[in-house]
Structure formats: structure tokens, C-alpha cells
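First the structure, in the form of C-alpha cells, and then the observations on it.
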Amino acid sequence: MTNLDHGKFSRTTTMFHSLLALTVFILFFTGYAIAFNTELWWMVELMGGNEGVLAIHRIAGFALIVLTGFWVPYMLLRSTSRANFGEILPDFRTDLAAFIQDVEFALGRADERHPAARQFAGYKADEVPLVSYVGKGVIWIFTVELILLMISGLLIWRKSWLIDFYNSQSVAMAFVAFHGLLGIIMLMGVMFHTFEHGFHPAFYPVEMKAFLPKDQTPNFHGDPDEYETTGIERLRLKSSWRWATNVMAVMVVVGIVSVLLASLDYGGYPVPETLVFAEGSVLRTIGINIGMLVLLIGLVLSAYGNVLRARYLRQRREQVAPETPAADGGRRESGPRRTDGGEGEARESDDRSDG
């Protein structure tokens, strides 16, 4: 067991994360099926045609509004959440210094990463910030995007209000373009987010901290002064990590570029002729479907994380269950159990068999 396995989030936060991910993925699938109905015709048919896709998209949008409406008051009213709120506020001086030092570290001009960027760098738990400057950026960018997407989506849904208010159809079309632009930015963020947390060598294929609440995570029983780092160097890579990461990285790049260029082409924006995909292009169709495959992988990993959580919690319940009589009238030997979900005997090294 390493300090990397310690949870940072409450039960409510992990549940909200899973529901939010499910809602956002549904919105992506339905939204891009509407936008790229030629390339994603099979997805449109799978969801019941044009009316079915629109209905599912609106239901998912309403679910997103409900989730957000619950989450914001919850964060404001809960004392622990208010205390952690300061951890995600940008510290421009420190975060900017961390970014600059990270660039220098990547270029070989710095010996180590900045303390504010040591989320996955193998340092002790007390040296690792709750959220790095990258994590802060993800949280705030996603938050602003979701709010703007909800507002613009509602206005597009009732676009007659916009037309009547501004007495122009151009305004409604501008909101549609703005909504689509936000969707593309959100798509890039979700794809990178999936790649970062699903294919990091320490967590592959699932980062359980996002699914297992901190009150249920295994406790670290070692002496923290005994180790100079979180223990990341004691983990062993899965044999499939290297090729899976390379394939996923290529798919993420192809998916983002294809969706971006296709959106520019459909939107009528000026694009160099060498970059424009012709309508119905095989390359564009393949690229957009690869992008949807990346999103599907993200959805599957999210579901897999919840399956692992349910399996782990079931094992914990079985370990604390009272002994049951054996068939021969004796007592069933339960064997030595540890309260942190581990085996009775300590292992010499950690092997992440399930991510």
C-alpha cells in the first residue's frame, strides 16, 4: 500500500463525480450525433432518430442543471467543503511559478518540480497539495464551461425567445455556434482528463481516488518517516500499460483534431483548403468516430471504477462479518484480516492488479 492510494474526496463528492460524468458523456454523444448526423448516423438511429436524440439530450441537460443546483448549495453549506474551497482558489504567484518551473523541468533546466505541482510526482503526502495548479485549472475551466453550456443550451432550446427579443435569427445562430464552441473545448478537456487519470502509470487503468470515498480507502500503516516518497517507485507497471497508453494517446489526438476541423468546416469559418474535410469524407467520418470511441472508453472506465468500488466495499463487509458455522459443526476459519482491506501477510512490494 502506498500513500497514492489514499482518498481525498467524500462519499458525496465521489458519487457526484460519477453522476456528472455519466450526464456529460450522454450530452456529448447526443450533442455530436446532432451536429455530425452524417458521420454519426448510426448513433442517431440507435437513439431513436432525430426526435429521440433531441429528447435524450434535453433530459440529460435537465439532469445536469439538477445536479449543479444540488452541488453548489451543498458545497456552500457544508463546513468541510467551505474549508476546502480555499484549496482550489488560484494562487497566481505560486501557480504561475509552478507552471514556469514545470516547463523548465520538462526542458531539463530544473532539478525538480515545484511543490505546488507535486500531485503525482512521488513526494510524501504532506508535501503534496490537495489540488495542483493543473487540477485547479481543470476545476475552474469545467465549472465555467458547464455554466455557459447550460445557459446557452436553455436559450437555444427556447430560441424563439432570442428571436423575439433581438428581432433577429442571426442572434439565435450565434448562440448555437457559441454552444458548439464550448462543447469542443469541453470535449478536449474531457479527453485529456480521461487520458491523464486513466493512463497514469501509478493508477492505470482507473484512479480509484475518484470513486472510493476517503472514509473507505485503505489506511497507510507504515511509518511515513521510513519512506522518502509516497511509494510510487515500489509500484510495478502492468504489461499492457505501454501499448495501451500509446494507442489511447493517438486516438485522443485524432479525435480532437477531427472534431475541431469538422466543426470549423460545418460552421462556415474560413479554413485553409488543405485542412478542409469534404462533406461525407471517409477521413472525417473515421476521425469523428474515433473521437466518440475515446469518449466511450472514458464512460467505460467510469463505470469500471464504480464496479471496483462496489467489489471492494463488498469485500470489506465480508471481512467484518461474524464467523459462520462450518458444515462439520466447527467454526469456519476466517484467517487473519486487516482493517484496510489487505491480506493477512504483508507483501514485499505493491502490485496494482486492478488499477
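The numbers in this note's numbering rise by one with no breaks, and the one at position 318 of the sequence shown is 462.
Ideal Cβ positions, reconstructed from N, Cα and C, are used throughout, including at glycine.
Exercise. Measuring alpha carbon to alpha carbon, tell me which of Asn433, Ile430, Val334, Ala204 ends up nearest Ile170.
Key: Ala204
Quiz item: Which two residues bound the contiguous alpha helix (DSSP H) that contains Leu381?
Solution: First-last for Leu381: undefined, no H or E at that position.
Quiz item: Whose CA, out of Ala388, Phe339, Leu427, lies closest to the CA of Ala406?
Solution: Leu427
Quiz prompt | Closest Cα partner of Phe172 within the set Val464, Val403, Gly449 | solution = Val403
Quiz item: Apart from the five residues just before and just after Leu166, which ones in its own chain have a Cβ nearer than 8 Å to its Cβ?
Solution: Leu443, Ser446
Quiz prompt | Contact under 8 Å by Cβ, Leu184 with Ile432 | solution = yes
Exercise. Have a look at Leu293, Arg380, Leu440, Leu381 and flag the residue whose alpha-carbon is nearest the alpha-carbon of Gly399.
Key: Leu440
Quiz item: Excluding five sequence neighbours on each side, which residues of the same chain lie with their C-beta closer than 6 Å to the C-beta of Lys280?
Solution: Ile232, Pro234
Quiz prompt | Span separating the alpha-carbon of Ile328 from that of Tyr456 | solution = 36 Å
Quiz prompt | Residue environment, Thr158, which counts as buried when at least 16 other CB atoms sit within 10 Å | solution = buried
Practice problem: Answer with buried or exposed for Ala250, where buried requires no fewer than 16 other C-beta atoms within 10 angstroms of its C-beta. | Solution: exposed
Practice problem: Name the two residues that bound the continuous alpha helix (DSSP H) containing Tyr218. | Solution: 193-221
Practice problem: Note down the Cα distance separating Leu381 from Gly193, rounded to an integer number of angstroms. | Solution: 44 Å
Quiz item: Is the distance from the Cβ of Pro357 to the Cβ of Arg155 below 8 Å?
Solution: yes
Quiz item: According to the neighbour-count rule (16 or more other Cβ atoms, all chains shown, within 10 Å of its Cβ), is Gln245 buried or exposed?
Solution: buried
Self-check item: Within 8 Å, strictly: CB atoms of Leu293 and Met330
Solution: yes
Self-check item: Straight-line gap, Phe160 to Trp215 (C-alpha atoms, nearest Å)
Solution: 8 Å
Quiz item: What is the residue span of the alpha helix (DSSP H) that His337 lies within?
Solution: 313-342
Quiz item: Hey, Val438 and Val396: beta-carbon distance below 8 Å or not?
Solution: yes
Self-check item: 8 Å contact criterion, which Met392 and Phe336 should meet: CB distance rounded
Solution: That belief does not hold up - the Cβ atoms of Met392 and Phe336 are roughly 11 Å apart, past 8 Å.
Quiz prompt | Closest residue to Val320 among Ser296, Gly333, Phe343, Phe309 (Cα-Cα distance) | solution = Ser296
Quiz item: Can you tell me whether Glu351 is buried or exposed, with buried defined as 16 or more other CB within 10 angstroms of its CB?
Solution: buried
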